[in-house]
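Here is the structure we will look at, set down as structure tokens.
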Amino acid sequence: MVVALVGLLMLVGPLPAVFIFASGYLGLSKQSTWAQIRRDRISCAAFLYITFGFCARTELNHGLMAPIIDQYIPS
Numbered sequence: 060m061v062v063a064l065v066g067l068l069m070l071v072g073p074l075p076a077v078f079i080f081a082s083g084y085l086g087l088s089k090q091s092t093w094a095q096i097r098r099d100r101i102s103c104a105a106f107l108y109i110t111f112g113f114c115a116r117t118e119l120n121h122g123l124m125a126p127i128i129d130q131y132i133p134s
């Protein structure tokens, strides 16, 4: 699981990685309902963005897929 999270962090960046990983982990472990999974993944991504992106003013990189992803993000 740790390797999957680190791989996602490197490929897509921290916010999408946490969003995808939380969904996958909680869904596969079947410890939560889909409503709880949705709430938890949004909460985790929001916490990361508020803590590092807003309060600490740290740029949250887009990972190795940035050239591919950035063409779909309007400037």
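Under the working numbering, the first residue of the sequence shown is numbered 60, with each subsequent residue one higher. By construction, the Cβ of each residue, glycine as well, lies at the ideal position given by its N, Cα and C atoms. All values reported here derive from a predicted model rather than from experimental measurement.
Judging by CA-CA distance, which residue of the options is the nearest neighbour of residue i?
i      : options              : result
Leu123 : Trp93, Leu67, Ile132 : Leu67
Looking only at its chain, what residues have a beta carbon closer than 8 angstroms to the beta carbon of residue i, apart from the 5 residues adjacent to it on each side?
i      : result
Cys103 : Val77, Phe78, Ala81
Thr117 : Phe111
His121 : Val71, Gly72, Ile128, Asp129
Ala125 : Gly72
Met69  : Gly122, Leu123
Just confirm the distance between the C-beta atoms of residue i and residue j, as a whole number of angstroms; I'd bet it's less than 8 angstroms.
i     : j      : result
Gly85 : Tyr108 : In the sequence as displayed, the identity of residue 85 is Leu instead of Gly. Going by Cβ atoms, the distance from Leu85 to Tyr108 rounds to 19 angstroms, so no, they are not a contact pair.
What are the start and end residues of the alpha helix (DSSP H) that includes residue i?
i      : result
Phe78  : 73-88
Ser102 : 93-107
Pro126 : 125-129
Taking its Cβ as the centre, do 16 or more other Cβ atoms sit within 10 Å of residue i, making it buried, or is it exposed?
i      : result
Arg100 : buried
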